[in-house]
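Novice: Chains as they are written, first to last, in my numbering: chain A, 513 to 613; chain B, 4 to 223; chain C, 12 to 489; chain D, 23 to 109. Using N, Cα and C, we set each Cβ at its ideal position, and we do this for glycine too. All values reported here derive from a predicted model rather than from experimental measurement.
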Amino acid sequence: MSSELLFAVVGALIFTLGVAGTVLVANLLRRILAFNLMGSGAFLVLVGLAQRGGESDPVPHAMVLTGIVVAVAATALALALLRKQHEMKDSEEELTEIDDG
Amino acid sequence: MKRAIVIAAALVFGGLLINAIVDLPSSPVDLRIAVADNMANSGVSHPVTAVLLNFRGYDTLLEIAVLLLALIGLMAAGPMLPPPPNQPADALLQKLARIATPPVIVVGGYLLWAGAFRPGGAFQAGAVLAAAMVLLHLSGLLSAWNAQLLPLARRVILVGGFVLFLCISVALLAAGSLLQYPPHQAGLLILLIESGLTLSLAAILAGLFLFLSRDNGGAP
Amino acid sequence: MVEPVTFVVWLIVLPLAWAVAAFVTGERIGAWLGVVGSAIQTFLVVWMVATWDVAVPVIHRVGGWGAPLGIDLAVDGLALAMLLLTQVVSLPLTIYARSYFSEDASKSRHFWPLAGFLIAGLNALFVSADVFNIYVTLEIVGLSAVSLVAIGGGRAQISAALRYLFATLIGSGAYLLGVALIYGAFGSVSLATLIPLVGSNPPQAFALAGLLMLFGLMLKTALFPFHYWLPPAHGGAAAPVSALLSALVVKASFYLTLRLWTELFASIADDIAWIPALLGAGAILWGSWRAIQAIRIKMLIAYSTVAQLGYLFLVFPLLPGQDAIRATVMQACAHGAAKAAMFAAAGVLIKATGQDTMAGLAGMTGRLPLTLFAFGLAGMTLMGLPPSSGFLAKWQLIEAGMARDLWIIPVVALAGGLLTAVYIFRILSFAFLLSPSSVKIATVPRVQEWTAFALAAGSVLLGLRGVELMALLPGQVP
Amino acid sequence: MSATLAFDLLLSTALVWSAWRTITANRLDQAVVMFIVFGLLMTLAWCRLRAPDIALAEAAIGAGLTGALLLDALGALRKGKTARRRQ
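#1: Which whole-angstrom value describes the C-beta separation of L25 of chain C and V56 of chain C, a residue pair presumed to lie in contact below a C-beta threshold of 8 Å?
#2: Excluding sequence positions up to five away, which residues of its chain have a Cβ less than 8 Å from the Cβ of V20 of chain C?
#3: Need the endpoints of the beta strand (DSSP E) that A85 of chain C sits in, please.
#4: Can you give me, in chain order, the residues of the segment 534-545 of chain A that have a beta carbon less than 7 Å from any beta carbon in chain D?
#5: Taking the beta strand (DSSP E) that H71 of chain C belongs to, which residues open and close that run?
#6: Looking only at its own chain, which residues have a Cβ that is under 6 Å from the Cβ of G189 of chain C, when we skip the five neighbours before and after it?
#7: Which residues of the segment 83-98 of chain D have a Cβ closer than 9 Å to any Cβ of chain B? Give them in chain order.
#8: Are the C-beta of P106 of chain B and some C-beta of chain D separated by less than 8 Å?
#9: Measure from the alpha carbon of V32 of chain B to the alpha carbon of each residue in C:D334, C:A50, C:Y194, then state which is nearest.
#10: Which residues in chain A sit within 8 Å of L173 of chain C, going by Cβ to Cβ distance?
#11: Can you tell me which of the three DSSP states S139 of chain C falls into?
#12: Would you verify that the beta carbon of V25 of chain B is, or is not, closer than 8 Å to some beta carbon of chain D?
#13: Using a Cβ-Cβ cut-off of less than 9 Å, list which residues of the segment 70-90 of chain C approach chain B; keep chain order.
#14: If contact is defined by three or more beta carbon pairs under 8 Å, each pair taking one atom from either stretch, is the segment 33-50 of chain D in contact with the segment 364-378 of chain C?
#15: So who's on the other strand from S201 of chain C, going by DSSP bridges?
#16: Taking only beta-carbon positions, decide if E150 of chain C is within less than 8 Å of chain B.
#17: I think T232 of chain C touches L320 of chain C, with their Cβ atoms under 8 Å apart; what is that distance to the nearest whole Å?
#18: Cutting at 7 Å between CB atoms, please list the residues of its own chain near D87 of chain C, excluding the five before and the five after it.
#19: As a quick exercise: from C:A411, C:A258, C:L259, pick the residue whose alpha carbon is nearest that of P331 of chain C.
#20: For the pair the segment 83-102 of chain D and the segment 527-535 of chain A, tell me if three or more CB-CB distances fall below 8 Å.
#21: Can I409 of chain C and I419 of chain C be called in contact, C-beta distance under 8 Å?
#22: Just to confirm, are F217 of chain C and A284 of chain C a CB contact at a threshold of 8 Å?
#23: Give me the Cα-Cα distance between M575 of chain A and G390 of chain C, rounded to the nearest whole angstrom.
#24: Which chain D residues sit within Cβ distance under 8 Å of P28 of chain B?
#25: Counting C-beta neighbours from all protein chains within 10 Å, is the total for Q487 of chain C 16 or more, i.e. buried, or is it exposed?
#26: By Cβ distance, which residues of its chain are closer than 8 Å to R121 of chain B, with the 5 residues on each side in sequence left out?
#27: Between the alpha carbons of G221 of chain B and T179 of chain C, how many angstroms are there, rounded?
#28: Entirely within the segment 179-250 of chain C and at least 4 residues each: give me those alpha helix (DSSP H) ranges in chain order.
#29: If you count every other CB in all the chains shown that lies within 10 Å of the CB of P287 of chain C, and 16 or more means buried, which is it?
#30: Considering just the uninterrupted stretch of the alpha helix (DSSP H) at F214 of chain B, what are its terminal residues?
#31: Less than 8 Å between the CB atoms is what I'm expecting for A244 of chain C and A171 of chain C, so what's the real figure, rounded?
#32: Assuming A277 of chain C contacts S470 of chain C (C-beta within less than 8 Å), just tell me the rounded distance between them.
#33: Would you report the Cα separation of I490 of chain C and A125 of chain B, rounded to the nearest angstrom?
#34: Expressed to the nearest angstrom, what Euclidean distance is found between the alpha-carbon atoms of G566 of chain A and S514 of chain A?
Below, the structure is given as structure tokens:
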């Protein structure tokens with residue numbers, strides 16, 4: 513097995529871990545991590561598989577660059593929503609505490 | 004129960020996937036040949052940059068749109084509390100940030116310029132500049148951005164690179180297709196687009212952090 | 012002379028341009044830019060349809076390179092029908108949204124840029140002929156749709172947006188791995204290059220790629236049982252957003268499912284066609300059942316979307332028959348117009364009564380007759396009563412099913428129609444109840460009522476002009 | 023040849039291990055740190071795949087910016103929690 517194919521297989525494993533994580537993990541921040549693992553796994557499969565003959569291929573390199581940028585955009589949006597949700601949960605609990613008091 | 008089913012399904016899926024990858028015969032199309040054949044007309048000598056900004060430049064245009072819209076979504080949905088007043092962090096960090104910023108800007112400029120013929124380009128340059136901005140913020144020298152009160156100049160910088168890219172793409176429609184560079188001007192146009200993108204990408208990527216950040220450096 | 016074919020480029024560039032312009036200039040000018048931009052796009056697409064006389068797809072080679080090195084845009088009748096639906100539905104919705112958000116600057120500030128990106132993403136998706144480029148357009152559509160759900164800023168909306176975001180990200184992750192496998196197997200991501208290469212005995216990686224991509228797209232289309240994210244998102248968002256999402260966004264991933272199913276994955280799809288059909292039948296029954304039980308108006312409409320999406324998948328065992336494609340495209344267009352009208356009308360009702368419950372509708376037939384009439388017309392389309400486009404869609408569906416002796420399709424379609432009638436009449440019956448005359452209702456600008464009515468009337472009238480729409484698609488017109 | 027293969031095997035193991043720990047680590051901050059480690063290992067993998075452009079982008083965006091965003095979010099989420107506990 514060439515190193516390239518080895519990394520493609522590693523990518524497949526990481527993608528699978530990521531999918532299982534997004535389904536099984538309840539904590540949303542952890543789910544964001546798992547989603548990022550899915551993306552990284554798919555990128556490794558893309559480049560590793562394309563270069564399994566041993567030669568470097570610029571086309572998947574450009575695609576992965578695009579993919580990394582899309583992934584950080586999605587991650588930032590997810591974190592923003594998560595933090596907003598957290599912020600609202602806090603203020604709501606304060607409200608209920610005031611009500612109880 | 005659910006856990007066991009998901010783990011079993013993941014094992015089966017992973018096995019199938021690895022099996023499919025290992026068994027795959029070589030592919031019938033080889034784009035490396037097409038890329039190499041057309042490098043002379045691409046305007047740059049680094050193949051990845053040629054793919055990113057010329058052969059598949061349309062992907063990149065749409066990708067900047069993704070980044071921009073995620074930033075707008077983040078501004079729409081992010082924390083609504085106004086950022087706290089900027090508090091200086093510890094002196095060592097500040098000193099470090101002051102020392103590090105100029106060389107980081109030089110590195111960013113170098114990466115942008117190098118992209119034409121070796122690894123580098125607008126994305127890496129923009130990311131490095133964004134990292135410098137985040138560092139400045141963490142050391143208390145650059146305050147967080149308020150999504151509700153964004154000055155016009157900052158909005159223009161955020162979208163400027165994308166607008167420039169879009170305008171050049173459309174202007175080239177006169178030659179027949181969207182983003183169809185004339186081979187002789189391709190190098191110059193790509194450098195122009197990348198320069199605009201570097202500034203906007205730096206602002207957008209830093210914005211992803213600065214709009215969200217609510218604890219300034221040493222704030223309690 | 013500009014070829015009508017390059018109009019397709021403008022359908023992508025224009026909304027991108029007004030999206031960024033709206034971001035820079037703010038909500039007041041942004042709203043006008045959105046409305047004017049949508050009007051120009053509608054004009055362009057109508058012109059394209061009027062001058063359409065080509066039986067083969069028209070190709071625009073971005074960058075002039077041509078596939079497989081470059082990215083091609085391809086317009087065929089199916090893509091054109093979806094472009095038409097998108098512009099014709101989004102124009103009244105932008106007019107509606109301008110009025111709807113006029114009092115609330117903090118929401119509309121972000122609505123216009125995001126709506127522009129969303130429409131640009133949809134148009135780009137319909138004409139893309141490159142599986143990696145499609146991934147990027149899917150992300151534009153998905154992330155802008157999620158952000159639009161979140162602009163309300165309420166706690167339920169943020170939770171719904173998060174849930175929607177995870178669903179759409181898992182969907183695109185699966186799709187992306189499919190693209191990686193396809194590039195590994197064939198060395199290209201261009202549909203035109205890939206389709207002749209697939210052959211009768213493709214490698215296992217290709218079949219796996221097909222499963223991953225189709226699964227990802229079905230998750231994004233909220234096909235039962237992957238619909239869990241849709242009701243809170245569509246039912247919780249602001250009315251113009253719900254309308255855009257239910258009418259157009261889920262149709263985009265459905266369109267891709269249909270396209271990839273019949274073109275790229277035809278060799279593996281035949282054996283598994285009963286799966287989407289079965290899930291579609293499940294969607295019709297489950298979605299309708301939940302709609303019948305709903306307490307909130309917008310939840311009812313959202314569950315109705317889950318059910319109506321089921322019809323789109325019912326035809327899959329009949330593919331690639333042209334009659335089946337016509338039936339499902341007609342259903343997509345009928346549901347698009349009707350559901351946009353319904354969410355718009357619901358927005359008016361909720362603003363007027365100040366509450367999103369069925370009980371609050373009492374007496375509304377007398378107070379807001381135009382809006383209730385619009386709601387009724389849209390309901391007629393969803394039920395499939397003649398002469399609406401919904402009738403035409405269901406008629407074609409039943410005919411296509413009977414032509415191949417698949418009796419289960421007409422049976423499910425008719426049962427679904429009856430269930431639809433139950434929930435539509437249930438909501439209307441609340442509106443016909445007498446209300447105490449002391450109940451005050453807020454005034455809602457007439458333009459919102461009229462745009463809702465225009466969409467509803469359009470969904471009915473489309474039934475009368477369905478032949479013209481179907482003429483865009485290949486094959487014999489009935 | 024065998025030295026590079028040994029390195030690749032080691033790197034592969036480390037990648038899968040850090041991904042596994044990201045999912046399974048008991049504490050959230052450990053998971054985030056493991057994810058950043060994973061990003062840095064990815065940078066190495068891109069170098070091994072002769073993709074220096076991706077390696078640069080991964081280091082700056084994948085590990086750097088994403089890591090900073092995650093740590094910042096972690097801090098914000100935790101701050102909310104302690105504030106609640108204090109009340």
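Specialist: This is what the structure holds:
#1: Contact doesn't hold; Cβ gap of about 11 Å is too wide.
#2: In chain order, H71, L84 place their CB closer than 8 Å to the CB of V20 of chain C, counting only its own chain and leaving out the 5 sequence neighbours on each side.
#3: Its beta strand (DSSP E) spans residues 82-86.
#4: Under the 7 Å Cβ criterion, the segment 534-545 of chain A contributes V537, N539, L541, R542, L545.
#5: Where H71 of chain C is concerned, the enclosing beta strand (DSSP E) stretches over 69-73.
#6: Shown here for G189 of chain C: same chain residues with a beta carbon closer than 6 Å to its own, the five before and five after excluded, namely A220, L223, M224 in chain order.
#7: The segment 83-98 of chain D vs chain B, Cβ under 9 Å: I83, G86, L87, A90, L91, D94, A95, G97, A98.
#8: False, the Cβ-Cβ gap to chain D never drops below 8 Å.
#9: When C-alpha distances from V32 of chain B are compared across C:D334, C:A50, C:Y194, the shortest belongs to C:Y194.
#10: Identification of chain A residues near L173 of chain C by a Cβ-Cβ cut-off of 8 Å yields L540, A590, L593, L594, Q597, ordered along the chain.
#11: It is a strand residue.
#12: So, not an interface residue.
#13: So the list reads H71, R72, V73, G74, G75, W76, P79, L80, G81, I82, L84, given in the order they occur along the chain.
#14: Here the segment 364-378 of chain C does not lie against the segment 33-50 of chain D, with fewer than 3 beta-carbon pairs under 8 Å apart.
#15: Per DSSP, C:D141.
#16: The beta carbon of E150 of chain C sits closer than 8 Å to some beta carbon of chain B.
#17: Contact flag correct, Cβ pair sits at about 6 Å.
#18: The answer, listed in chain order, is P68.
#19: It is C:A411.
#20: No contact exists between the segment 83-102 of chain D and the segment 527-535 of chain A.
#21: No, they are not a contact pair.
#22: Not in contact: F217 of chain C and A284 of chain C (Cβ atoms no closer than 8 Å).
#23: Between M575 of chain A and G390 of chain C, the C-alpha separation is close to 45 Å.
#24: Against P28 of chain B, chain D offers no close residue; the least beta-carbon distance is about 21 Å (beta-carbon pairs closer than 8 Å).
#25: Only weak support is given to the placement of Q487 of chain C: the predicted model assigns it a pLDDT of 48, under 50, and the value that follows is read from those uncertain coordinates. The residue is exposed, with fewer than 16 neighbouring Cβ atoms inside 10 Å.
#26: Hits under 8 Å: H49.
#27: Bear in mind that the predicted position of G221 of chain B carries a pLDDT of just 36, short of 50, making it unreliable; the figure below should be weighed with that in mind. The alpha-carbon of G221 of chain B is positioned some 37 Å away from that of T179 of chain C.
#28: As far as the segment 179-250 of chain C is concerned, its whole alpha helix (DSSP H) runs of at least 4 residues are 202-209, 215-232, 241-247.
#29: Classification for P287 of chain C: buried.
#30: Premise fails: F214 of chain B is in no alpha helix (DSSP H) and is neither H nor E.
#31: Approximately 5 Å separates the beta-carbon atoms of A244 of chain C and A171 of chain C; this is inside 8 Å, confirming the contact.
#32: Between A277 of chain C and S470 of chain C, the beta carbon gap of about 32 Å keeps them out of contact (Cβ cut-off 8 Å).
#33: Absent from the model: residue 490 of chain C. The displayed extent of chain C is 12 to 489, so no value can be given.
#34: Spanning the two alpha carbons is a distance of roughly 8 Å.
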